[in-house]
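Note that the working numbering has the sequence shown beginning at 8, numbered continuously upward. Beta carbons are placed, not taken as given, at the ideal position from N, Cα and C, and that holds for glycine.
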Amino acid sequence: MKKLHLLFLCLIAFITVNAQNIDRSKFIADSLDIYINKALTNWRIPGAAVCIVKDGKIILMKGYGIKELGLPGKVDQNTLFMIGSNTKAFTATALAMLQAEKKLSLDEKVTKYIPEFKLENKAAGDMAIVKDLLCHRLGFRTFQGDFTFYNTNLSRHEVLEKLGKMKATYPFRTTWGYTNSAFLTAGEIIPRVTGKQWETYLKENIFAPLGMNSTLALTAEMPKALNRTVPHTLVDGRLTAIPYCNIDGLAPAGSISSSVNDMSKWVMALLDNGKVGGKQVIPAAAIAATRQPQDYVSTANYLNGDIGFELYGLGWSIQDYCGRRLVMHTGGVNGYVSSVTLVPKENLGIVILTNTDQNELYEALKWDIVDAYFKNKNYHYNDVFLEYNKSNTAKFQATDKKMRDSTLLNLKPQLSANKYTGKYVNDLYGSLEITRGETGNDLEIRFEHHPKMYAKLQPLGGNRFYVTFSDPVFGKAIFPFTVKDGKVTNLRVKVADFVEYNPYDFRKVE
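This is the structure:
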């Protein structure tokens, strides 16, 4: 869900030689298993599952590694992974199917289907059409609002309501910004039109007809599944199993869990214009609608020296690479990252699922497979991504060590610890409560809409505190308090960029 991953767009093109016609067919047949198993070790990934389909046939469908660190259960082709934002293509396709059936129009205003829909910019809310929700052009910054919406106790109705309070970063329809709450809003159109909840409609009209019998629509269902992976992340350099996130309040944006076996059926249907065994399950017009470019995202710098563009359709990222159009998406939720790639011209599909959120293999492997099928020179995407990741990790660890060392100095805050305690409010998020910590001048925060999470604050001197969240996905940060006339007036909260880039200002009310 969180990981619309654009790392390769930012990488310097280390290799500038143009692509060459080279026979690399043996990479898929003979070398791929070695590549993946080595990569699992290098990236510290417990388990993965990979599927390649070509010309309507399964070339590879296999599980690698284990479901949970320290336990023997192995990943197989039916093992479930959370797929995060790869859910978005299902939501967009479902709405496009309803358009093909003339039950709605993607060009109609959102308020036609959800009369209570509004944006802080009233004119934008009045003008917004369904496509605007599905292609991220409402004017918000990427991930804006997700600290409020992600893994919280908010219902879909409450998310929709709070979206109306979120102040846009950019003018309406001028700048692409990845907005999960907009996809939730789009998904809520489905029950208004069909009388069925989003998850029910998907099960009956996509999962069941395609034979995706193991796929789960909601995150709440995942812990009950028998053949499932467990999410993992790195905590202070240690690979650790973590709890499943619950993002059913944002379900149409990222709640699906699936296996490579089931995802192969989805990919093959999409590559065959919606047909399964000669039967038209998904209207071809619906598939075409989701692949129509709507927005410019950014420049794409490829390792072969080419420079292209990334565009966004409806639930899909679209790029041209070596004369072919790639239709793809990535996904990330707590402990999982994944990628789905379609190359319609080559009738090629690639699915990569992993059960740790601290790896780039799900992206690098995709590009290395694509290059192999395009008979390109081997640009070693995995090696480049791994080196880039090691460099960034080393920088983060050095900064974090400096902060942790500072806390050991027992620096006193400007005011007595009691002055920082109390209730704080943000108009979008809601409230948080600060209490004294277990020792010294430490503090602790509890969050209204993250009831299972807390944050530990350790003084860095002055009015700055080093913050560690109990949920490692939310990261570590420095929170500054604002003091005026000897009284605390505000607190600035910043979570990991994986969740949201924007900081939140909370005012002290008690």
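Alpha helix (DSSP H) runs wholly inside the segment 321 to 404, at least 4 long, in chain order: 368 to 380
Selected residue, minimal CA-CA separation from C252, among R245, L246, G261 and G244: Along the sequence shown, read from residue 1 onward, the residue named residue 252 stands at position 245. Checked all of R245, L246, G261 and G244; the closest Cα to C252 is G261.
Exposed or buried, which one is H457 when buried takes at least 16 other CB atoms within 10 Å? Mapped onto the sequence shown, residue 457 falls at position 450. H457 comes out buried.
Checking 8 Å against the spacing of the C-beta atoms, do T240 and T363 come in under that value? Along the sequence shown, read from residue 1 onward, the residue named residue 240 stands at position 233. Along the sequence shown, read from residue 1 onward, the residue named residue 363 stands at position 356. Against a cut-off of 8 Å, the Cβ pair of T363 and T240 comes out as a contact.
Decide if the segment 271 to 282 is in contact with the segment 106 to 118; the criterion is three or more beta carbon pairs, one per stretch, under 8 Å apart. no
Report, in whole angstroms, the separation of the C-beta atoms of K419 and P466, which I expect to be a contact under 8 Å. By 1-based counting over the sequence shown, the position of residue 419 is 412. By 1-based counting over the sequence shown, the position of residue 466 is 459. Indeed they touch by this definition, with Cβ atoms about 7 Å apart.
Using the three-state DSSP reduction, which class does K33 fall into: helix, strand or coil? Position 26 of the sequence shown, counting from 1, holds the residue named residue 33. K33 sits in a helix when the DSSP states are folded into three classes.
Could you check the C-alpha separation between N396 and P351 for me, to the nearest Å? Within the sequence shown, residue 396 is the residue found at index 389, counting from 1. Within the sequence shown, residue 351 is the residue found at index 344, counting from 1. Cα-Cα distance, rounded: 31 Å.
Rounded straight-line distance, which links the Cα of V57 to that of A215: By 1-based counting over the sequence shown, the position of residue 215 is 208. By 1-based counting over the sequence shown, the position of residue 57 is 50. Answer to the nearest angstrom: the Cα atoms are 22 Å apart.
Rank R453, N470 and G469 by C-alpha distance to the C-alpha of K463 and give the top, closest one. In the sequence shown, residue 463 corresponds to position 456, counting from 1. Checking every option, the nearest Cα to that of K463 belongs to R453.
Just mark H164 as buried or exposed, buried being the case when its beta carbon has 16 or more other beta carbons within 10 Å. By one-based count along the sequence shown, residue 164 stands at place 157. With fewer than 16 Cβ atoms within 10 Å of its Cβ, H164 is classed as exposed.
Assumed close pair K172, L360 - CB separation to whole angstroms, cut-off 8 Å: The residue you call residue 172 lines up with position 165 of the sequence shown. The residue you call residue 360 lines up with position 353 of the sequence shown. Not confirmed; about 35 Å, so no contact.
Between the beta-carbon of G320 and the beta-carbon of P300, is there less than 8 Å? Position 313 of the sequence shown, counting from 1, holds the residue named residue 320. Position 293 of the sequence shown, counting from 1, holds the residue named residue 300. Yes, they are a contact pair.
Could you spell out the range, first to last residue, of the beta strand (DSSP E) harbouring E451? The count along the sequence shown starts at 1 and reaches residue 451 at position 444. Per DSSP, E451 belongs to the beta strand (DSSP E) from L450 to F454.
Which residue comes first and which comes last in the beta strand (DSSP E) that contains S438? Position 431 of the sequence shown, counted from the first residue, corresponds to residue 438. Counting along the chain, the beta strand (DSSP E) containing S438 begins and ends at G437 to R443.
Relative to the alpha-carbon of G342, which residue among I249, I263 and L167 has its alpha-carbon at the smallest distance? Residue numbering aside, residue 342 sits at position 335 when the sequence shown is read from its first letter. If we check each option's Cα against that of G342, I249 comes out closest.
What are the start and end residues of each continuous alpha helix (DSSP H) run of 4 or more residues lying completely inside the segment 72 to 123, in chain order? 94 to 107 and 117 to 120
Run of the beta strand (DSSP E) containing V500, from where it starts to where it stops: Indexing the sequence shown from 1 puts residue 500 at position 493. It spans K494 to V500 - the beta strand (DSSP E) in which V500 sits, taken as one unbroken run.
Leaving aside the five residues before and after I357 along the sequence, list all residues of the same chain whose C-beta is less than 6 Å from its C-beta, in chain order. Along the sequence shown, one-based indexing puts residue 357 at 350. For I357, where only same-chain residues beyond five positions count, the Cβ hits under 6 Å are I59, T348, K373 and I376.
In angstroms, rounded to a whole number, what distance separates the CA positions of Q84 and L233? Taking the first residue of the sequence shown as position 1, residue 84 is located at position 77. Taking the first residue of the sequence shown as position 1, residue 233 is located at position 226. About 14 Å.
In terms of residue numbering, what span does the beta strand (DSSP E) encompassing R245 cover? The sequence position of residue 245 within the sequence shown is 238, counting from 1. Per DSSP, R245 belongs to the beta strand (DSSP E) from R245 to A248.
Count the other CB atoms, across all protein chains shown, that sit within 10 Å of the CB of I298; report buried if there are 16 or more and exposed otherwise. As a working note, residue 298 is residue 291 in the sequence shown. Here residue 298 is Arg; the residue named in the question, Ile, does not match the sequence. So R298 counts as buried.
V200 to Y120, Cα distance in whole Å? Locating residue 200 in the sequence shown gives position 193, counting from the first residue. Locating residue 120 in the sequence shown gives position 113, counting from the first residue. Whole-angstrom Cα-Cα distance: 7 Å.
For K459 and E517, what's the separation of their Cα atoms in angstroms? Along the sequence shown, read from residue 1 onward, the residue named residue 459 stands at position 452. Along the sequence shown, read from residue 1 onward, the residue named residue 517 stands at position 510. Distance between the alpha carbons of K459 and E517 is about 23 Å.
Those residues which DSSP pairs with M68 across a bridge: Translated into the one-based positions of the sequence shown, residue 68 becomes position 61. C58.
Taking all protein chains shown into account, do 16 or more other C-beta atoms lie within 10 angstroms of the C-beta of Q106, making it buried, or fewer, making it exposed? Start at 1 with the first residue of the sequence shown, and residue 106 comes out as number 99. Classification for Q106: buried.
How should V506 be labelled, buried or exposed, when 16 other C-beta atoms within 10 angstroms of its C-beta is the threshold for buried? What you label residue 506 is simply residue 499 of the sequence shown in a count that begins at 1. It is buried - the Cβ of V506 has at least 16 other Cβ atoms within 10 Å.
Environment of T528 [buried if 16+ CB atoms lie within 10 Å]: Since the first residue shown for the chain is 8 and the last is 517, residue 528 is missing from the structure and cannot be characterised.
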